[in-house]
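All remarks here apply to the structure that follows.
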Amino acid sequence: MDKILEALVSSSHPLTVKRAIVKKVMEAAEKEVTEEQCQALYHLTTRLILLGEDAFQRQVGLQVQEAYARYHREEFARFFSKEYVLGLLQQGYGSLDHRDPAILDFLHGSLRLLISCPAVLELAPLLQTEVLRIICERPEPATCAKLATILMDFPQCVPREKAGVLFCQQLVRTFAYFNCPVTEERELREYVTQVTRVSVMLQGIWKAEPATLLPSLQEVFAVISSTDPSFEPSIALASLVQHIPLQMITVLIKSLTTDQNVKDASMTQALCRMIDWLSWPLANHVDTWVIALLKGLAAVQKFTILIDVTLLKIEQVFNRLWYPIVRQGALVVLSHMLLSFQHSPEAFHLELPKPNEEKIKFVLNQSAWTSQSNSFASGLLKITGKSETGKTGLVNLGNTCYMNSIIQILFMATDFRRHVMSLHLNGSNTLMKKLQLLFAFLAHTQRAAYSPRSFLEGSRPPWFTAGSQQDCSEYLRFLLDRLHEEEKTLSAFQVTSPKPEPATTSAETLNNAVSQPVADMPSHPDPVAANGDGRTLVERMFGGRLSTAIRCLQCHSLSEKEEPFTDLSLAFCPSMSKCHGPIDEHKSSSSVGPCQGAVNGGSESSEGSVKEGAGTRMEKPVVEPTLSVPDLVDYFLAPEILENENCYFCERCASLQRAEKVMRVVAAPEYLILTLLRFSYDATCHVRRKILDNVGIPPHMSLPLRQPGISVSSSSSTAVTSSSSDSPESGENLAKKLKPSQKEDGMTGNRTNSESNDSDSEMLSVPYVLSSVVVHSGMSSESGHYYSYGRNGSSTDGYVAHPSSKTLESSSLSESSTASQEEMGCADHKSTDWFLFNDSRVTFTNFESLRNVTGRFPKDTAYVLIYRKQEVSGQPSNSGPVVNGSRLSGEPPLQKELMDAITKDNKLFLQEQELNARARALQATSASCSFRPNGSDDNEPPGSCGPSGGGGGGGFNTISRLVF
1355 MDKILEALVS SSHPLTVKRA IVKKVMEAAE KEVTEEQCQA LYHLTTRLIL LGEDAFQRQV
1415 GLQVQEAYAR YHREEFARFF SKEYVLGLLQ QGYGSLDHRD PAILDFLHGS LRLLISCPAV
1475 LELAPLLQTE VLRIICERPE PATCAKLATI LMDFPQCVPR EKAGVLFCQQ LVRTFAYFNC
1535 PVTEERELRE YVTQVTRVSV MLQGIWKAEP ATLLPSLQEV FAVISSTDPS FEPSIALASL
1595 VQHIPLQMIT VLIKSLTTDQ NVKDASMTQA LCRMIDWLSW PLANHVDTWV IALLKGLAAV
1655 QKFTILIDVT LLKIEQVFNR LWYPIVRQGA LVVLSHMLLS FQHSPEAFHL ELPKPNEEKI
1715 KFVLNQSAWT SQSNSFASGL LKITGKSETG KTGLVNLGNT CYMNSIIQIL FMATDFRRHV
1775 MSLHLNGSNT LMKKLQLLFA FLAHTQRAAY SPRSFLEGSR PPWFTAGSQQ DCSEYLRFLL
1835 DRLHEEEKTL SAFQVTSPKP EPATTSAETL NNAVSQPVAD MPSHPDPVAA NGDGRTLVER
1895 MFGGRLSTAI RCLQCHSLSE KEEPFTDLSL AFCPSMSKCH GPIDEHKSSS SVGPCQGAVN
1955 GGSESSEGSV KEGAGTRMEK PVVEPTLSVP DLVDYFLAPE ILENENCYFC ERCASLQRAE
2015 KVMRVVAAPE YLILTLLRFS YDATCHVRRK ILDNVGIPPH MSLPLRQPGI SVSSSSSTAV
2075 TSSSSDSPES GENLAKKLKP SQKEDGMTGN RTNSESNDSD SEMLSVPYVL SSVVVHSGMS
2135 SESGHYYSYG RNGSSTDGYV AHPSSKTLES SSLSESSTAS QEEMGCADHK STDWFLFNDS
2195 RVTFTNFESL RNVTGRFPKD TAYVLIYRKQ EVSGQPSNSG PVVNGSRLSG EPPLQKELMD
2255 AITKDNKLFL QEQELNARAR ALQATSASCS FRPNGSDDNE PPGSCGPSGG GGGGGFNTIS
2315 RLVF
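Residue numbers for the sequence shown follow the numbering used here, so the first one is 1355 and each next one is one higher.
Shown next as structure tokens:
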């Protein structure tokens, strides 16, 4: 029969004749055939299947062999023996190499013919060994795909136990050698199909033998982390990722990122190659694993790896967006890489659609490397990234909380900050340049707290002792005066210079000029200034003007002048503060003598040396204050009678006469600075005492403004003093003024009443909204602690007030009007509108915490307040800097010099974090670390303000001292 079939398939007869004869041969299989005939037919059909000259011969071989194996299975089992199979797999068949996929196809077909026979089980051990040997030879994807098909149909042929682990490891390494040199779509599809088939087979093994999974994944990492330049693993490994259970992400990432044996170069290579996997089509979860590893590295502060990988791969990931089949995963990874790369603009080579500001902050805070949860590392690896507020604190450099609080409230003055950031000061070393750099760091650094050492050295008044506590109000006046004088000097130099000078020359000249003691702010601004109206930035933002009139009560002659101011110093009426009730209360709870003052001017108040009982630090029930900021403004603006030792020298009368002094605001500042004069001089003890009266702080208030062109000669005027010429001593003297009351003589009283209606018609009410507050915690100006509250500038943007000529009662700021404005303004106070700045710590807070701080902590009192003028419809506004002729409503673009400085520092910070994390990890493995009794606190370096400043914002030795 075999001779007939062999002659038939090689004859020249028509194909139809051949098919008819082949059919007769197949039908003969149902009859009894000798074993010799079966073996001869099996050898013939095998030769036709493997070496047939054409498709007809191969088809005939398959059909005849299947027919005879069905009816003569035992004979076929003896033919397909172990020796025969071993010969095929090790030596091939005829001219076919043993690696030829046709050998595996024949093996698969033959096993299917024996599927229900015991012969398969007898062949299984042999095939398990041969399968492992074949995989170790690194076959091509087509061969692996054929082998995978066999093993999925005959799982008993899969290697077991240790051999199974080795088989999976070798198969993973074989994946790394897959390559696809073809470019035709059909061939590419076939290649992807082959790789997918092998990965599915490996997934089946992992499910059947879970012990093989972890060694396989370790082999994957070993392959992709190889630093051998001559070996580049195939991205076909990406097809395995989708089969790794997502529940293992946390365990695997922790194992990788905390393994001290994994070198940075290896981790960088591994991450880069995982990012390359994004190019593999149809692979799921690659983006999930890539992002998990990025976050894991950030959690253990290995920022160097993240920087290198991002800069190497960001462009490649972006280019993958062009291909829809891999776009989704690439977009997820690209978004995370860009959002987390916040220390430098190097990775941003493209413009992305800009969402709203709140969304940007939320996404950035979530994505930042320094905000990743450190669950992968030990408890010692504390990440010191920014707080959830997104704001930056300031390091206390040794009793510098007075400066930190002032810097923060100036930074929260949105319009002032934007103007400062928009100035072009490249190459200069002025104080304004240092302030601009400081603002840039507060806005863009990745540090939780920035050290303002350079600004401290440049802005500290000469009479301030380093390391000692100082008056923040005095520091604010000095700082604004310095900035004002610098800008005037620079403007004057630019005008008087015959030729344009290089930026460095003008900066040097300016530095020499401003190094001298500054004078008081002049009555009239220098006509040569950077802006068109001749005013400096300080004047435009914080400057107002006062009209002072003194009327002789004898001859009724009037002397009037105008002067500028940058803040209003609000004194307490002697009748309000003469009792000093809170001071008596604190004295009774301490051992301080009646005339004992501050010691060493910088450490703490005298009370700081006394241990306070728990009852002293407990929050007291909140009591509504009987005094408010409008009351102090009313008292400040009330007419003053000059008499007795304060008599006025009248030039017309040529003698000392009783006189009435009145002041009015004739130009309202954009930002109104109010200083509450809480420190009065105690002549008995020769010390400055603090007035602890609780003062109500309204979120909105109005400032009376005299209309231009109206003379003050027929009205009772309000009064303020020039802050540029005020010293702390002159401010304290305001508390000794004798303000008029109902005891004036009848003529004066009648005149005042008769002129009140005229006064009402002359005044405008300028609306203001609270921007920030500096709180002093302690009992003395030379000790204690300062912290500040700041309101998010965007929360007040867009509010437009309507002008109105209010009928003012005897109070220039009536309680009813203030209360009504407060009710209108409090509704939009979100919980994220207010921030508490306490040196290096920044937290969210709310207006109620600020309003009730003194009620809860008696030593913590509002000291400096900044109100922002609200836009009035129909009137021009100074809001927003002008850049290239257009007014900016948002933050101005960061200049290159500032950006470079921030980028450099951010890189340094990430390196510091990484080195610290590694050092701590090494220490944790060798010895136990000791902790401070109350936890680590970077907010209290040696010489800082310490704990005894008060409850609300003092030190941090006890949690009860914090204000939330």
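Heads up, the beta-carbon is just placed ideally off N, CA and C, and yes, glycines get one too.
Please specify which runs of the beta strand (DSSP E), each continuous and at least 3 residues long, are wholly inside the segment 1454-1531, giving them in chain order.
Listed in chain order, there is nothing to give.
Compare the C-alpha of Leu1520 against each of Ile1489, Thr1547, Arg1427, Trp1817 and name the closest.
Cα-wise, what sits closest to Leu1520 is Ile1489.
For Val1640, which option in Ala1653, Leu1651, Cys1626 has the closest C-alpha, if you only look at C-alpha atoms?
Val1640 has its Cα closest to that of Cys1626, out of Ala1653, Leu1651, Cys1626.
To the nearest angstrom, how far is the alpha carbon of Ala1925 from that of Phe1695?
So the two alpha carbons sit approximately 50 Å from each other.
Within 10 Å of its beta-carbon, does Pro1599 have 16 or more other beta-carbons around it, so buried, or fewer, so exposed?
Exposed, because fewer than 16 other Cβ atoms sit within 10 Å of the Cβ of Pro1599.
What residue from Gln1800, Ala1562, Glu1893, Gly1897 has the CA that sits closest to Leu1693's CA?
The shortest C-alpha separation from Leu1693 is found at Gln1800.
May I have the straight-line CA-CA distance separating Leu1789 from Leu2028, to the nearest angstrom?
Near 22 Å, if we compare the C-alpha coordinates of Leu2028 and Leu1789.
Identify which residue in Leu1833, Ser1805, Pro1806 has its Cα closest to the Cα of Pro1816.
Answer by Cα proximity: Leu1833.
Excluding the five sequence neighbours on either side, which residues of its own chain have a C-beta within less than 6 Å of the C-beta of Met1895, listed in chain order?
Excluding positions up to five away in sequence, the list reads Phe1770, Glu2024, Tyr2025.
In the segment 2188-2215, which residue ranges form an unbroken alpha helix (DSSP H) of at least 4 residues, counting only runs that do not cross its ends?
Those alpha helix (DSSP H) runs which fall completely within the segment 2188-2215 and span 4+ residues are 2201-2205, 2207-2210.
Compute the Euclidean distance between the alpha carbons of Ser2194 and Lys2223, then round it to the nearest angstrom.
Their Cα atoms are separated by approximately 29 Å.
Whose CA, out of Tyr2122, Phe2211, Ile1904, Ser1759, lies closest to the CA of Val2218?
Out of Tyr2122, Phe2211, Ile1904, Ser1759, Ser1759 has the C-alpha closest to the C-alpha of Val2218.
Do the CB positions of Thr1658 and Met1691 come within less than 8 Å of each other?
No. Outside cutoff.
Looking at the structure shown, is Thr2029 part of a helix, part of a strand, or coil, going by DSSP?
In this structure, Thr2029 counts as strand in the three-state DSSP scheme.
Do you know offhand how far Ile1603's Cα is from Pro1493's?
Taking the straight line joining both Cα atoms gives about 31 Å.
Three-state secondary structure (DSSP) at Arg2012?
Coil.
Have a look at the DSSP bridge pairing and note the partners of Asp1921.
Partner(s): Ile2027.
With respect to the alpha helix (DSSP H) encompassing Thr1902, which residues constitute its N-terminal and C-terminal limits?
Here Thr1902 belongs to no alpha helix (DSSP H); instead the beta strand (DSSP E) covers 1898-1906.
Under 8 Å, with one C-beta from each stretch per pair, do the segment 1554-1567 and the segment 1603-1614 reach the 3-pair mark?
The answer is no - the segment 1603-1614 does not touch the segment 1554-1567, with fewer than three Cβ pairs under 8 Å.
Excluding sequence positions up to five away, which residues of its chain have a Cβ less than 8 Å from the Cβ of Trp1643?
Val1595, Ile1598, Ile1603, Met1628, listed in sequence order.
With 16 other CB atoms within 10 Å as the buried threshold, where does His1367 fall?
Result: exposed.
Assign Phe2003 to one of two classes, buried (16 or more other C-beta atoms within 10 Å of its C-beta) or exposed (fewer than that).
When all chains shown are included, Phe2003 counts as exposed.
Have a look at Cys1392, Leu1443, Phe1433, Leu1450 and flag the residue whose alpha-carbon is nearest the alpha-carbon of Gly1406.
Among Cys1392, Leu1443, Phe1433, Leu1450, the Cα nearest to that of Gly1406 is on Leu1450.
Helix, strand or coil for Val1387? Go by DSSP, reduced to three states.
Note: Val1387 maps to coil in three-state DSSP.
To which residues of the same chain is His1798 closer than 6 Å at the C-beta, ignoring the five residues directly before and after it?
Answer for His1798: Ile2256, listed in chain order.
Would you give the residue range spanned by the beta strand (DSSP E) that Gly2144 belongs to?
Start and end: 2139-2145.
According to DSSP, is Ser2113 helix, strand or coil?
Below a pLDDT of 50, predicted positions are generally treated as unreliable, and Ser2113, at 48, falls in that range; the measurement from the model is reported next regardless. DSSP places Ser2113 in helix when its eight states are reduced to three.
Please report the residue range of the alpha helix (DSSP H) in which Tyr1989 lies.
Run containing Tyr1989: 1983-1991, per the alpha helix (DSSP H) assignment.
Is Leu1480 near Leu1440, with beta carbons less than 8 Å apart?
Cβ distance < 8 Å, so Leu1480 and Leu1440 count as in contact.
8 Å is my cut-off, CB to CB: does Gln1908 come that close to chain C?
Protein chains in the displayed structure number just one, and chain C is not present.
Would you give the residue range spanned by the alpha helix (DSSP H) that Val2041 belongs to?
Premise fails: Val2041 lies in the beta strand (DSSP E), 2041-2044, not in any alpha helix (DSSP H).
Going by DSSP, name the residue or residues bridged to Tyr2035.
DSSP, once it has assigned bridges, lists Arg2042 as partnering Tyr2035.
For Val1749 and Tyr1804, which I take to be in contact (beta-carbon distance under 8 Å), what is that distance rounded to the nearest angstrom?
Confirmed, Cβ separation roughly 7 Å.
Once you ignore the five residues that flank Val2120 on each side, which residues in its own chain have a CB closer than 7 Å to its CB?
Correct list, in chain order: Ala2022, Ser2056, Leu2057, Leu2059, Lys2223.
With H, G and I counted as helix, E and B as strand and the rest as coil, what does DSSP make of Val1371?
In the structure shown, Val1371 sits in a helix (DSSP, three-state: H, G or I).
Measure the Cβ-Cβ separation of Tyr2221 and Val2123 and say whether it is below 8 Å.
Against a cut-off of 8 Å, the Cβ pair of Val2123 and Tyr2221 comes out as a contact.
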